[in-house]
Amino acid sequence: MAVVTRRGTMEALRFRSAVLREAAEDADRIREETLLRTREDVAQMRREARDGIERNRQRMHRYKKRLFRVRAAYRAALEEIEETRRQLETSTAAAARRHDELAEERAEMCRRQQLLQEELARVAGMTPEEARRQLLNALREEVRAEAAWEIQRHRERATEIAAAEARRVIVEAVERCAAQRTAEHTVVIVPLADEQMKGRVIGREGRNIRAFESATGVDLLIDDQPDCIVLSAYDPVKREIARRALTQLIDEGRITPDNIDTVVRRQREALQQIMLAAAEEVIRDLDLAPPQPELLEYLGRLRFRTSYNQNVLYHCKEVALLTDYIAAELRLPYPSELCRRAGLFHDIGKAIDGTGAHTALGAELVVRCGEHELVREAIEGHHADRGECGILTSVVSAADAISGSRPGARRQTAAQYVDRLSTLEELASSFPGVERCYAVHAGREVRVIVRSGELDDRGARILAGDVAHRITDEMRFPGEIKVTVIRETRAVTYAH
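Start counting the sequence shown at 191; every next residue gets the next number (my numbering).
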């Protein structure tokens, strides 16, 4: 037992010795590793310190160089300021001397002026105040005369500019408007299939024709032209009713006094619907809010009424468009619908069968139907019956005049218009080198196309002047006519 115990003690001692040796070896190894890392860290810190010192040294070097440059610039600025100060002192001294010299010269001039005034007063026999007053009066008269001349010149120039601007506005408005302008006639021709139909229309002992004329109020001209009957009446509504009734009677073949009364009554009712539809169509075309039914009914009556052979409804529609376009060109502060309503209803009084001027009748109607006050004013004043009128009324009056005087609107001016355009084109075509020519813008411009091989650019300019001079010498026209010569050169080749 003692042996076993001693053996265990010795093994324990050996194990302790081995553990101590390993611990000592580990401690030595850890100490060496720590020392090595410490040396590396110290070396790294030294390198970083040296790099930082070098960067600081370079930065300080740059700062020194910049400081040297700033010092040099500062010294140069001080020298320049000093030089400027010396020059300023010199200039100030020279200015002071010049000021003293000018003061002496001014005093001398005042003394001489005083002597001269005294001498002039002695020679002229008047005091300086009297001479000044006389001079001022003379200058005032001269300035007044020059001012009057300038005012007259500017007034004439303003008139020319206003006239040119008015022409431009009117031309722009007219070119944008494309309403119907066909002149109407006071007779209507109803064709017949054969001559035997005339006898049936006349009836036994003329009873059919008498019944027809009595029912319609229209005269029937039977023997004027073959295979047709002419309806003559100044009232376009009666004339249209008669045309429609006679056409239906001929198509049906039953022409008797009783049937005539029935057909005429039926066509009269149908025409009321047609006139109402025509008024509604105009309202839609003009993009207006529907008026009162009474006003719409009277507007439809204008469909078959004429003024100087011009359809009044189409004339009113055209005036509405022109009024809107002119107001837009002039930038007037009126809504587009108000301008169109004023132009559309300006002749509404012509649809009213009553005593008095159509302007007064129309104004009373629109007031009763609740239209705008400016619409009433335009109706009353578009013929300048009331003297002073507003701007919109003036525009409506101008649009009314344009619509009535446009070529083709009224029959008596259409032939003159066509003849004028033909004369312009024939006159321009008579010159050598002219290929084609056209009269455009209602005869206000002639465009001449010349053959480029016969006329050069200089010849084209000369031709424009010759055409203009010849138009001035041989024709009479209001305003002016623009002559435009067009010469076109084309270069054509082909790549192969």
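We put the CB at the ideal spot given by N, CA and C, even for glycine.
Check: Nearest-angstrom Cα separation, counted from Gln307 out to Ala321; Outcome: 10 Å
Check: Meets three-Cβ-pair contact criterion under 8 Å: the segment 484-494 and the segment 426-442; Outcome: yes
Check: CB contact flag (Val454, Leu503, <8 Å); Outcome: no
Check: Cβ-based burial, Ile445 [other Cβ within 10 Å; buried from 16]; Outcome: buried
Check: DSSP bridge partner residues for Thr674 (one or two, in chain order); Outcome: Arg637
Check: Residue burial classification, Glu561 (beta-carbon count within 10 angstroms, cutoff 16); Outcome: buried
Check: Exposure label - Tyr515; buried when at least 16 CB within 10 Å; Outcome: buried
Check: DSSP three-state assignment for Asp409, whether helix, strand or coil; Outcome: strand
Check: Expected contact under 8 Å - CB spacing of His572 and Ser587 to nearest Å; Outcome: 5 Å
Check: DSSP three-state assignment for Ile445, whether helix, strand or coil; Outcome: coil
Check: Nearest residue (CA-CA) to Ile671, options Glu615, Phe621, Arg626, Val640; Outcome: Glu615
Check: C-alpha gap between Ala568 and Ser612, whole angstroms; Outcome: 38 Å
Check: Cα-Cα separation, Ala202 to Arg196; Outcome: 10 Å
Check: Alpha-carbon spacing of Val391 relative to Pro381, whole angstroms; Outcome: 12 Å
Check: Integer-rounded CB distance, given that Arg637 should sit under 8 Å from Val630; Outcome: 6 Å
Check: Cβ-based burial, Ile652 [other Cβ within 10 Å; buried from 16]; Outcome: exposed
Check: Rounded distance between the beta-carbons of Asp475 and Lys702, thought under 8 Å; Outcome: What the structure shows of the chain is the stretch from 191 to 686, and residue 702 is not part of that stretch, so it cannot be assessed.
Check: When Arg610, Pro622, Leu210 are compared against Gly633, the one with the closest alpha-carbon; Outcome: Arg610
Check: Beta-carbon gap between Cys418 and Ile464 smaller than 8 Å; Outcome: no
Check: Enclosing alpha helix (DSSP H) for Arg526 [first to last residue]; Outcome: Arg is not the amino acid found at residue 526; the sequence shown has Ser there. First-last of the alpha helix (DSSP H) with Ser526: 526-534.
Check: Residue closest to Gly533, alpha-carbon to alpha-carbon, out of Thr199, Gly544, Ala405, Leu489; Outcome: Leu489
Check: With 16 other Cβ atoms within 10 Å as the buried cut-off, status of Lys254; Outcome: exposed
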